[in-house]
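Colleague:
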Amino acid sequence: LQVPIYQSLHPSRKMSHRKFEAPRSGSLGFLPKKRTKKHAGKVRSFPKEDATKPCHLTAFRAYKAGMTHVVRAVDRPGALMHKREVVDAVSIVETPPMVVVGVVGYVETPSGLRALTTVFAEHLSEEYKRRCYKNWYASKRKAYTKYSKKYTENGGADITNELERIANFCTVVRVIAHSQVKKLNLRIKKAHITEIQVNGGDARAKVDFAKALFEKEVTVDSVFAKDELVDVLGVTKGHGFEGVTTRWGVTRLPRKTHRGLRKVACIGSWHPARVSTTVPRAGQNGYFHRTEMNKKIYRIGKKENQNSSCQTDADLTEKGITPMGGFVHYGEINEDWIMLKGAIVGVKKRPLILRKSLMNHSSRKHLEKIDLKFIDTSSKLGHGRFQTAEEKLKFLGPLASKQK
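For the sequence shown, position 166 matches number 179 in the working numbering, and the numbering has no gaps at all.
#1: Using only alpha-carbon positions, find the residue among I105, N318 and A128 that is nearest to V360.
#2: Would a C-beta distance cut-off of 9 Å place I206 and A190 closer than the cut-off?
#3: Over the uninterrupted beta strand (DSSP E) stretch that includes L294, give me the two end residues.
#4: Below 8 Å on the Cβ atoms is my guess for T401 versus T330; work out the distance and round it to an integer in Å.
#5: Taking 9 Å as the threshold (C-beta atoms), are V257 and K276 in contact?
#6: What residues in its chain sit with their C-beta under 6 Å from that of W261, if we drop five residues either side in the sequence?
#7: Is Q400 helix, strand or coil by DSSP?
#8: Taking the beta carbon of G115 as the centre, do at least 16 other beta carbons fall within 10 Å, making it buried, or is it exposed?
#9: Drop a sphere of 10 angstroms on the beta-carbon of Y343, count the other beta-carbons inside from all chains shown, and report buried for 16 or more, exposed for fewer.
#10: Is A53 near P364, with beta carbons less than 9 Å apart?
#11: Which same chain residues, not among the five before or five after K142, have their C-beta less than 6 Å away from its C-beta?
#12: Could you check the C-alpha separation between E404 and K332 for me, to the nearest Å?
#13: Over what stretch of residues does the beta strand (DSSP E) that includes E208 continue unbroken?
#14: I388 and D328: beta carbons closer than 9 Å?
#15: Terminal residues of the continuous beta strand (DSSP E) containing T304?
#16: Where DSSP assigns a beta bridge to T122, which residues make up the other side?
#17: Can you list the beta strand (DSSP E) stretches of 3 or more residues lying completely in the segment 223-279, in chain order?
#18: Ignoring anything shorter than 3 residues, give me the beta strand (DSSP E) runs that lie fully in the segment 53-91, in order along the chain.
#19: If you follow the beta strand (DSSP E) that I334 is part of, which residue opens it and which one closes it?
#20: Starting from E98 and walking both ways along the beta strand (DSSP E), at which residues does that stretch end?
#21: Contact check, N313 vs I351 under 8 Å by CB: the rounded distance?
#22: Going straight from the alpha carbon of G79 to that of K162, what length do you get?
#23: Going by beta-carbon coordinates alone, are H82 and D88 separated by less than 9 Å?
#24: Leaving aside the five residues before and after A72 along the sequence, list all residues of the same chain whose C-beta is less than 8 Å from its C-beta, in chain order.
#25: How big is the Cα-Cα spacing for F340 and F399?
#26: What is the residue span of the beta strand (DSSP E) that A327 lies within?
#27: When you compare each of L371, H271, A295 and A218 to K66 by their alpha carbons, which one comes out closest?
#28: For the alpha helix (DSSP H) that F182 lies in, which residues bound it at each end?
#29: With a threshold of 16 other CB atoms inside 10 Å of the CB of S192, please say whether the residue is buried or exposed.
#30: Is DSSP giving F387 helix, strand or coil here?
#31: Looking at the secondary structure, which residues open and close the beta strand (DSSP E) in which R368 lies?
#32: Any idea which residues DSSP pairs A190 with across the strands?
#33: Per the DSSP calculation, V358 is bridged to which residue(s)?
#34: Under a three-way DSSP split, which group does V220 fall into?
#35: Output needed for K382: all residues of its chain with C-beta closer than 7 Å, excluding positions within five of it in sequence on either side, in chain order.
#36: Do you know offhand how far T259's Cα is from A35's?
Below, the structure written as structure tokens:
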């Protein structure tokens with residue numbers, strides 16, 4: 014008899030099969046798989062404090078617009094792709110300036126942080142106040158009218174005292190900021206409000222920094238820079254109620270299986286006479302809160318140079334980031350924007366939070382300087398042929414519809 018080659022090399026090794034053991038399908042680290050209540054994203058932890066640095070904000074609100082692709086030169090000595098060109102998929106998020114409307118101080122307790130006091134600005138915008146009401150139209154719109162009088166009574170002594178309390182007793186200082194949704198074409202009137210931690214300096218410096226920002230606009234380029242790595246927090250695309258094969262990735266059963274094959278064959282032993290929590294079951298899939306770490310910023314676009322924000326040294330065409338016909342299911346970008354490497358969570362128009370990275374980066378890949386050669390702005394609906402409207406007009410020539 015001819016001995017199989019694997020047995021001749023390893024006499025003790027036999028062919029195995031998976032009748033009784035197999036790696037589990039799906040991670041249990043994300044349980045419970047239920048729809049999130051944090052619809053606009055929530056920062057659960059901020060970067061580590063470093064008092065030696067100047068005061069700065071650590072997060073920013075953004076809105077997902079869509080995706081495109083870029084051509085860039087790789088600058089990573091020793092890598093196979095060094096000095097070659099690669100095509101990368103990139104996500105575009107719109108980041109209109111945020112407005113700081115308050116500051117809150119936290120004291121550390123054995124059971125975690127406890128809010129000591131909050132100080133709000135004197136004048137608050139309508140889109141911020143709208144968030145305080147279920148029905149703005151039918152309300153009397155009296156929010157913060159009594160509070161704003163504190164700035165005029167006794168020369169603003171109450172406000173000064175509360176800020177002094179934060180400076181004296183608090184270790185963590187965060188500003189309350191809201192996005193300006195009226196600047197976007199999203200048909201939203203209520204602002205998204207976010208607490209953003211102030212890092213750097215001592216407590217008093219933090220309070221002074223926050224107080225100086227009251228009622229002022231904060232732009233995204235004052236928080237992040239090109240080539241920086243950020244974390245993206247948001248809610249994934251919802252898929253509703255789905256079965257075990259899609260939700261957990263379990264193997265389909267053989268074709269001839271009675272009563273369906275996209276199932277779990279055995280949901281547990283007779284005893285214990287319960288279904289274990291580790292057994293895959295059908296249920297909600299998607300619309301989960303997720304944090305994706307270390308997304309590289311390829312470019313920050315400014316509203317001021319809106320029509321030339323996609324120029325590169327290799328492509329001198331004057332064009333903005335909005336592709337031909339606009340971003341699908343989003344429209345045009347008219348405010349500041351950020352280009353991030355790869356895909357990000359959520360559907361178009363989804364509010365996201367960009368946060369400074371929690372890590373100190375040292376790898377060449379993370380520290381690489383990005384040199385963009387070309388940014389694609391062809392239509393994202395179908396197979397786009399033209400980068401700009403002028404290019405399309407030049408190719409098609411005089412149109413009969415335009416000759417009237």
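Ideal Cβ positions, reconstructed from N, Cα and C, are used throughout, including at glycine.
A quick note: this is a predicted structure, and the numbers were derived from the prediction, not measured.
Modeller: Reading from the atomic positions:
#1: For the residues I105, N318 and A128, the minimum Cα distance to V360 belongs to I105.
#2: yes
#3: For the sequence presented, residue 294 should be read as Arg rather than Leu. Unbroken run through R294: none, as it is neither H nor E.
#4: 6 Å
#5: yes
#6: Close CB contacts of W261 within its chain, under the 6 Å cut and outside five residues either way in sequence, are with S38, G39 and P293 (chain order).
#7: coil
#8: buried
#9: Using a 10 angstroms sphere on the CB of Y343, the tally of other CB atoms reaches 16 or more, which defines it as buried.
#10: yes
#11: Short of 6 Å from the beta carbon of K142, and not among the five residues preceding or following it, lie these beta carbons of its own chain, in chain order: A156.
#12: 11 Å
#13: I206 to N212
#14: yes
#15: H302 to G314
#16: Looking at the DSSP output, T122 bridges to G125.
#17: Runs found: 242-248.
#18: 72-86
#19: No beta strand (DSSP E) holds I334; DSSP gives it neither H nor E.
#20: E98 to E107
#21: It is Ile, not Asn, that sits at residue 313 in the sequence shown. Correct: roughly 6 Å between the Cβ atoms.
#22: 44 Å
#23: no
#24: V56, F59, T207, I209, Q210, V236, I366, L367, R368 and K369
#25: So the two alpha carbons sit approximately 15 Å from each other.
#26: Counting along the chain, A327 falls outside any beta strand (DSSP E), and DSSP gives it neither H nor E.
#27: A218
#28: A170 to F182
#29: buried
#30: DSSP places F387 in strand when its eight states are reduced to three.
#31: P364 to K369
#32: V113 and T207
#33: Looking at the DSSP assignment, V358 forms no beta bridge with any residue, so it has no partner.
#34: helix
#35: D88 and D240
#36: 18 Å
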